[in-house]
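Undergrad:
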Amino acid sequence: LPHVPGPCDHEDLLDGVLFGAKYLGSTQLLSERNPPPSTRMAQAQEAVDRVKAPDGETQPMTPVDLFVSTKRIKVLMANAQEALMDHALQTISYIADIGPVLVLMARRRLARSTRPQERERRLYKMLCHVFHAEDAQLIAQAIGQAFAVAYSQFLRENGIDPSQVGSRPRATSPGHLHNGDLDHFSNSENCREVHIEKRRGEGLGVALVESGWGSLLPTAVIANLLHGGPAERCGELSIGDRVTAINGASLVGLPLAACQAAIREVKSHTAVTLSIVHCPPVTTAIIRRLHSREQLGFCVEDGVICSLLRGGIAERGGVRVGHRIIEINGQSVVATPHARIVELLTEAHDEVHIRTMPAATYRLLTGQEQPVYL
Amino acid sequence: SALTITVNPMEKHEAPGRGEE
Chain P
-1 LPHVPGPCDH EDLLDGVLFG AKYLGSTQLL SERNPPPSTR MAQAQEAVDR VKAPDGETQP
59 MTPVDLFVST KRIKVLMANA QEALMDHALQ TISYIADIGP VLVLMARRRL ARSTRPQERE
119 RRLYKMLCHV FHAEDAQLIA QAIGQAFAVA YSQFLRENGI DPSQVGSRPR ATSPGHLHNG
179 DLDHFSNSEN CREVHIEKRR GEGLGVALVE SGWGSLLPTA VIANLLHGGP AERCGELSIG
239 DRVTAINGAS LVGLPLAACQ AAIREVKSHT AVTLSIVHCP PVTTAIIRRL HSREQLGFCV
299 EDGVICSLLR GGIAERGGVR VGHRIIEING QSVVATPHAR IVELLTEAHD EVHIRTMPAA
359 TYRLLTGQEQ PVYL
Chain S
-18 SALTITVNPM EKHEAPGRGE E
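Sequences listed follow chains P and S, in order.
Numbering-wise (the numbering used here), the first sequence opens with residue -1 and increments by one.
Numbering-wise (the numbering used here), the second sequence opens with residue -18 and increments by one.
(1) Taking 7 Å as the cut-off, decide whether the C-beta atoms of P/Ile158 and P/Val66 are in contact.
(2) May I ask you to report which of helix, strand or coil DSSP gives P/Leu59?
(3) What residues of chain S sit near P/Tyr371, judged by a beta carbon separation below 9 Å?
(4) Between which two residues does the alpha helix (DSSP H) carrying P/His8 extend?
(5) I'd like to know whether the C-beta of P/Arg168 is nearer than 7 Å to at least one C-beta of chain S.
(6) Is the CB-CB distance between P/Ala42 and P/Ala94 below 7 Å?
(7) Along chain S, which residues have their Cβ under 7 Å away from the Cβ of P/Ala138?
(8) Based on the DSSP secondary-structure assignment, which residues constitute the bridge partners of P/Lys20?
(9) Hey, P/Val241 and P/Ile274: beta-carbon distance below 7 Å or not?
(10) Give me, in chain order, the residues of the same chain whose beta-carbon lies closer than 8 Å to that of P/Pro98; leave out the 5 immediate sequence neighbours on both sides.
(11) Mind listing, in chain order, the continuous beta strand (DSSP E) runs of no fewer than 3 residues lying wholly within the segment 208 to 290 of chain P?
(12) Got a sec, what are the start and stop residues for the beta strand (DSSP E) P/Val298 sits in?
(13) In the DSSP output, which residue or residues are listed as bridge partners for P/Leu206?
(14) Report the CB separation of P/Thr359 from P/Ala221 in whole angstroms; it is logged as a contact under 8 Å.
(15) With a Cβ-Cβ cutoff of 7 Å, do P/Ala259 and P/Pro369 count as a contact?
(16) Is there contact between the segment 303 to 315 of chain P and the segment 324 to 332 of chain P, where contact requires at least three CB pairs shorter than 8 Å?
(17) So is P/Tyr149 in contact with chain S if we call contact Cβ pairs under 7 Å?
(18) Using 7 Å as the threshold, is the C-beta distance between P/His8 and P/Val147 below it?
(19) List the DSSP bridge partners of P/Asp53.
(20) I want to verify the contact list: residues of chain S whose CB lies under 8 Å from the CB of P/Ser91, in sequence order.
(21) Please report whether the beta-carbon of P/Gly157 lies at a distance below 7 Å from any beta-carbon of chain S.
(22) For P/Ile274, which residues in chain S fall below 9 Å Cβ to Cβ?
(23) Mapping the DSSP letters down to three states, classify P/Arg105 as helix, strand or coil.
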C-alpha cells in the first residue's frame, strides 16, 4: 500500500479504529450528484442547524463510538457496542468538521422523483449524521485517511497506478478535451421530430440499447429496426439514433427498462412522435496520450470497455462504458484477440483514435443476439 | 470556527443511482 498521510496506521484502518463522540442527531437533505465545495459547506451547515438545539435549550446527546475502517463507518452505542448506524465507506459522500462538530454525509439511493425537472437534475438523498467530539478534526482526518487508503486499493484492483492519479494536473486545458458528441448534440440540425403512423396495437418495430455510462446524452439508442415495421417504414430513423422523447415525454436519464416501457405504452396509438438526435452507429474517441507510460484510464474485457477512470484522458476523449472497440488508429479489431487489443492500446500514444459502438448494438448487428422489437 | 470538507474520492467513480437504503 502507498503511504497515505493521516493520524492512523494503515493496518489499524483495515481492521477499524474507534473514536469516542456524542451523537446529536440525523437529518436528510436532497443533493446533486457531485456538488461543488460551496454547496457541500452549505449542506453541512444546514445539517448542523437542523440538528442542534436552539441556544438556551438542552442539547440531547448520546455517547457513541465511531468505528472507522477502509470498508465501513459504524456508529456504536458506547456501552453496548450495538450498531446504531452502519454505512459502507463508498456510500459516504463526504465529511465536514466545524470546531468540535463532525458531520457525516451518507448517500442513499437515487431519490425517485415524479417531477421531471428533478429527475433531470438527478437528486440524491443524503443522510446527515451530526456528532460532537473535542477531537472532531482528528476523527475527520482519520476518515479522510480511510477514504484515501480505500481509494488507492480500488485503483490498484482496477489496474491503475495510484501514483499516476492526482499527481498530474487534474483538468487539462479545454483544448485537450475531445468530444465529438458535444458538437454533435449541440447542433440543432441533428435534432428532429419523427412522426410515425401505425396501426392500433402494432409495435413501433425498434430495438433499444443504452447509450452507456459516460455518454453526454444518456438515453435509449436505436439498435435495430424491424424490417417492414412502422419505424422503418417512416424512413427517417436509423441505427445509432438517440431517442430523447416520445410524444413529448423525455426519456433522457431514464433507465433502459423505463424507456422500453414508454415505447410499449404507445402500442395502442395510431400516430407517435419520437424526438431524436441523429447519430451514426459508430462514434470516434480521440485520446491524447503524451507517452505510452501514461495511463489510458479505462479497462477492456474482450474488446468491450468495462470501466472508466473519471477525469482520465479516455473519458475526456469520449470513451464510454459498455462500448465495443471496432477500430484502433484505423485498424479493425473486431476479430482481434483480447491480448492483441490490449497490446495495441498500451503501445499507442500521441493521438489515439478509437472507434466504438454500443456492445449490444454490435451483438445485434453481427447476429450474436436476436433483437427484441418493441 | 473553520469548516473543513473532506470528499470521498470514490464518489466520482460510483455509478449513478448507487447508494444505501
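Even glycine gets a Cβ: it sits at the ideal position worked out from N, Cα and C.
Since the model is a prediction, treat every value here as computed from it, not as a measurement.
TA: Working from what's here:
(1) no
(2) For the sequence presented, residue 59 of chain P should be read as Met rather than Leu. In the structure shown, P/Met59 sits in coil (DSSP, three-state: anything other than H, G, I, E or B).
(3) The contacting residues do not exist; P/Tyr371 stays about 27 Å from chain S at best.
(4) 8 to 13
(5) Confidence in P/Arg168 is poor, its pLDDT being 33 and thus under 50, which makes the residue's placement unreliable; the coordinate value appears in the next sentence. With 7 Å as the cut-off, P/Arg168 does not count as an interface residue toward chain S.
(6) yes
(7) Thr(-15), Thr(-13)
(8) P/Pro61, P/His130
(9) yes
(10) His130, Ala131, Glu132, Ala134
(11) 218 to 223, 240 to 244, 269 to 275, 281 to 287
(12) 296 to 299
(13) P/Ile220
(14) 4 Å
(15) no
(16) no
(17) yes
(18) yes
(19) BP columns for P/Asp53 are empty, so no partner.
(20) Val(-12), Asn(-11), Glu(-8)
(21) no
(22) In chain order: nothing, as chain S lies at least about 23 Å away.
(23) strand
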